[in-house]
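Shown next, in structure tokens, is the structure this report addresses.
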Amino acid sequence: MPELPEVETIRRDLAEAVVGASISAVEWLDGRIVRGALGPEALAARLVGQQGAAVARRGKFLVWQFASGSGLLLHLGMSGRLVVVPRRLHVADHPRHTHLVLALSSGHRVRLTDPRRFGRVAWLEPPAVVPGAMGPEPLSPAFTARRLAAILAGRRAPIKAVLLDQRRVAGLGNIYVDEALHRARVHPARPAGALSAKEVGALCRAIRCVLREALADRGTTFLDYRDAHGQAGGHQARLAVYGRAGQACRRCGEPILRVLVAGRGTHLCGRCQPSPTESPPPRPLPFGRPS
Ligand SMILES: [Zn+2]
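Residues in the sequence shown are numbered from 5 upward in steps of one, following the working numbering.
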């Protein structure tokens, strides 16, 4: 699933193509990913003639914002791709699983494909913002160790589950949660509220570093993710734990484990990230008694 670095990469590419351009035609091949009050036909009627003003991102959502103040909400689900097709690459047939093709006044086309159909598209009335409450953006100045500590305080759920919850922190998914927890040396099953202040600080820094590095590499591609030029990301070669079960930890050499935490396949190093049950914190000895 595309996470923050992948969606942000697509946002930047898409903005280059659509800001200032108008939508000249809308073609639905499969309207089942449309959500909200407007169906595919009504949505198409609203879209034609809209001029792109900006492309915004919130968590894993994109909003194609129009000069009119309205917007198009886009979520790529598990396997969605949003590709800008230049005029010279136009072909008569669209690839399999194409849902939507938007023709632009510039001659480009924006094509949405989604084989697994977990993605969604919806019309947004002004002010065209992503509906629903969401946690802070981890790359924004608002995401501080203090803010993260407040998010985690008192929570008994595994730290991994809390970081995956978009209402707590926006934009993280399975890949970057595993990477950040490894970097911060925190076991994914630790109760979120049990992390020390030092660990929360390390985790906050780790989340930001991991996301920035992945963004610099234009995202991680395992199967489906492509940027808006149709190219794979480059970060998969630099992952520390995700997808590396059985391979040596880059820090200590121990084989990377794959376990189930919060119902998700989870990658970790048993030495760098000690389990809360296998190595309980040392208990202070009772005063005055021999040990
Ligand atoms: Zn290790």
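C-beta: ideal position from N, C-alpha, C; glycine also.
From which residue to which residue does the beta strand (DSSP E) around residue i run?
i	result
Gly-75	75-79
Glu-45	Premise fails: Glu-45 lies in the alpha helix (DSSP H), 44-51, not in any beta strand (DSSP E).
Ile-260	Element bounds for Ile-260: n/a, residue is neither H nor E.
Gly-56	56-62
Val-30	27-32
Which residue marks the beginning of the alpha helix (DSSP H) containing residue i, and which one marks its end?
i	result
His-186	178-187
Gly-205	201-220
Glu-7	Taken as a continuous stretch (DSSP letters only), Glu-7 belongs to no alpha helix (DSSP H), as it is neither H nor E.
Which same chain residues, not among the five before or five after residue i, have their C-beta less than 8 Å away from its C-beta?
i	result
Glu-217	His-239 and Arg-242
Ser-157	According to the sequence as given, residue 157 is Ala; it is not Ser. Contacts found: Gly-197.
Val-214	Tyr-180, Glu-183, Ala-184 and Arg-187
Ala-236	Thr-225, Tyr-229 and Arg-230
Arg-50	Leu-42, Ser-74 and Trp-127
Val-52	Ile-27, Ser-28, Ala-29 and Val-30
Which class does residue i belong to by DSSP, given the choice of helix, strand or coil?
i	result
Leu-227	coil
Arg-275	coil
Gln-69	strand
His-103	strand
Thr-117	strand
Arg-85	strand
Ala-252	strand
Gly-24	coil
Gly-197	helix
Leu-18	helix
Arg-268	strand
Leu-93	helix
Less than 7 Å between C-beta atoms, sequence neighbours within five positions excluded: which residues of the same chain meet that for residue i?
i	result
Arg-160	Pro-195 and Gly-197
Arg-36	Arg-121
Cys-276	His-186, Arg-189, Cys-253, Arg-255 and Cys-256
Gly-250	Pro-259 and Ile-260
Leu-264	Thr-270
Met-138	Arg-62, Gly-63, Gln-170, Arg-171 and Ala-174
Leu-47	Val-38 and Trp-127
Ala-132	Val-67, Gln-69, Gly-73, Ser-74 and Gly-75
Val-245	Asp-182, Glu-183, His-186, Ile-260, His-271, Leu-272 and Cys-273
Pro-284	Because the pLDDT at Pro-284 is just 49, under 50, the model does not fix this residue reliably, and the point stays unresolved.
Arg-221	Note that residue 221 is Asp in the sequence shown here, rather than Arg. If we look at Asp-221 and ignore the five residues flanking it on each side, its Cβ neighbours are Gly-237, Gly-238, His-239 and Arg-242.
Nearer than 7 Å: is that true of the beta carbon of residue i relative to any heavy atom of ligand 2?
i	result
Glu-129	Absent from the structure shown: ligand 2. Ligands present: ligand 1.
Could you pull out every residue in the same chain whose Cβ sits closer than 6 Å to the Cβ of residue i, ignoring the five residues on either side in sequence?
i	result
Val-88	Ala-21, His-112, Val-114 and Ala-232
Glu-31	Val-105
Ala-153	Val-204
Glu-10	Gly-223 and Tyr-229
Pro-6	Leu-80 and Tyr-229
Looking at the C-beta of residue i, does it have a partner C-beta in chain B at a distance below 8 Å?
i	result
Arg-151	Judged by its chain identifiers, the structure shown contains no chain B, having just a single protein chain.
Report the start-end ranges of each beta strand (DSSP E) in the stretch 122-188 that is 3 residues or longer and not cut off at the edges. Runs of the beta strand (DSSP E) inside the stretch 122-188: 124-128.
Lining residues of ligand 1 - beta-carbon closer than 6 Å to any non-hydrogen atom, in sequence order: Qualifying residues come out as Cys-253, Arg-255, Cys-256, Glu-258, Cys-273, Arg-275 and Cys-276.
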